[in-house]
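Here's the structure we're looking at; comments come further down.
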Amino acid sequence: MKTGNGTRLFLNEVATRDGFQMESRFIPTDDKIALIDRLSRLGYAKIEVTSFTSAKAIPALRDGEEVMQRIARRPGVVYTALVPNVRGAERALESRIDEFNIVMSVSETHNLANLRMTREQSFAQLTDVIALAKQAGVPINVSLSCVFGCPMEGEVPPAVVQGWIDRFAALEVQGVTLCDTTGMAFPTQVQALCEAVLARHPAMGWTAHFHNTRGMGLANAVAAVEAGIRRLDMSLGGIGGCPYAPGATGNVATEDVAHMLQCMGYDTGMDLDGLIAAAAELEALVQHGLSGQVSRAGHRLTRHAPPADFNDIVSRARERRQKEPQP
Ligand code: COA
Ligand code: ZN
32 MKTGNGTRLF LNEVATRDGF QMESRFIPTD DKIALIDRLS RLGYAKIEVT SFTSAKAIPA
92 LRDGEEVMQR IARRPGVVYT ALVPNVRGAE RALESRIDEF NIVMSVSETH NLANLRMTRE
152 QSFAQLTDVI ALAKQAGVPI NVSLSCVFGC PMEGEVPPAV VQGWIDRFAA LEVQGVTLCD
212 TTGMAFPTQV QALCEAVLAR HPAMGWTAHF HNTRGMGLAN AVAAVEAGIR RLDMSLGGIG
272 GCPYAPGATG NVATEDVAHM LQCMGYDTGM DLDGLIAAAA ELEALVQHGL SGQVSRAGHR
332 LTRHAPPADF NDIVSRARER RQKEPQP
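Position in the sequence shown counted from 1, then plus 31, gives you this note's numbering.
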């Protein structure tokens, strides 16, 4: 394992999309906006604000337009949203989005379950979306679900993943996100796939997106960064998950990833204390405990007071030492 040596990494927050889509309580629009405005000041490269999906499929994000319109956009932060089809792209354009995060799954079964289309039908929709985005001069990122495995199909062969990446690369998209939708990825697999795709498409803007379903999220993030990935998706407090992927749980927690990478010497640009405070606010909003660790434990050098009877312990230790026979 290497030290970060000041290497700049770019952190993307997905709590308000990947996270809120999975919450049973509808987060009020004003609260979503206040949280995004707070997050905008913490050093993120990108915030995935919402998704422009069908309100039947994702009722939690039915207020996408209003949220996009009312947030205070901070220069330097890219405000993106998930777009599954042409209708979503039209809504995103009306909302003056900075980037389209178009989505499909490399697993046929997950794509049908999540987007109600075959992969080819999704690709045809997304080809039209890309044409729309190009006309409007809006950059495109493609989030590919299940690239490290599908909860219904099992292994997805790397050649299948590469095939879809090649087809989107041929349409000249700016970025691709490798999504581990249900935490099936493990570090050596991440390293191998990331190295392979980077070697094949070195000019692509690569992002990795890990769910922590099996506790491998942090290790996978390190593996991706060491393979050369410089952008990571993550979710404040570790909330998140795809409602149409069986067994899905939250993303790797932003505060945990940022803390780890900062300890390792990477330049994340993130305000860790600000993240911890924001996680406390998020916990109040979602009204349940969060899985992030660092928001509870604090930074590794957080110092705690010694026990209340510490002075007695020290005196007793001294007395014992005085009674010991001198050599
Ligand atoms: N935004 C808003 N409404 C949309 C929409 C969009 N992007 N796409 C379709 N709709 C509406 C249609 O207008 C139609 O409305 P109506 O019933 O009032 O006429 C209805 O949704 C059904 O449209 P259809 O094209 O038949 O969609 P579908 O039911 O086959 O669903 C998707 C396809 C892609 C829209 C839907 O599955 C979806 O939004 N999935 C997103 C899942 C997701 O975000 N998962 C987590 C992230 S990975
Ligand atoms: Zn996700």
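Heads up, the beta-carbon is just placed ideally off N, CA and C, and yes, glycines get one too. Given the structure is predicted, the values throughout are model-derived calculations rather than measurements.
- By the C-beta criterion, the region 198–215 is judged to be in contact with the region 273–287, since at least 3 inter-stretch pairs fall below 8 angstroms.
- Collapsing the DSSP output to three states places N116 in coil.
- For M247, the CB contacts under 6 angstroms within the same chain, skipping 5 residues up- and downstream, are F217 in chain order.
- When rounded, the separation of the alpha-carbon atoms in A315 and A167 is 39 angstroms.
- Assignment of alpha helix (DSSP H) within the region 178–262, counting only whole runs of 4 or more residues, yields 189–201, 218–231, 248–257 in chain order.
- Short note on T84: C-beta closer than 7 angstroms to some heavy atom of the ligand COA.
- In the DSSP secondary-structure assignment, N172 is bridged to N132, G206.
- Where F41 is concerned, the enclosing beta strand (DSSP E) starts and stops at 41–44.
- Distances taken from the Cβ of T212 to the heavy atoms of the ligand ZN include one shorter than 7 angstroms.
- In this structure, DSSP gives D298 an extended state, which the three-state scheme calls strand.
- With respect to V109, E139 sits apart: the two C-beta atoms are not nearer than 8 angstroms.
- Annotation for T158: no beta strand (DSSP E) segment contains it, though the alpha helix (DSSP H) segment containing it runs 150–167.
- Around the beta-carbon of T149, fewer than 16 other beta-carbon atoms lie within 10 Å, marking it exposed.
- When only Cα atoms are considered, D302 and L70 end up about 10 angstroms apart.
- Annotated three-state conformation of V317 is helix, per DSSP.
- Contact annotation: the region 323–334 does not touch the region 99–114, with fewer than three C-beta pairs closer than 8 angstroms.
- If the five residues before and after A120 are omitted, its C-beta is found closer than 6 angstroms to the C-beta atoms of V114, V160, L163, all from its own chain and listed in chain order.
- Residue environment for T219: exposed (fewer than 16 other C-beta atoms within 10 angstroms of its C-beta).
- The closest CA to that of G269, considering only G259, V253, A289, is found on A289.
- Of the candidates P356, I64, A255, A155, the residue whose Cα lies closest to the Cα of V117 is A155.
- When secondary structure is reduced to three states using DSSP, E54 falls in the coil class, being assigned neither helix nor strand.
- Taking the Cα positions, A112 is about 49 angstroms away from P338.
- The beta carbon of G271 sits closer than 7 angstroms to at least one heavy atom of the ligand ZN.
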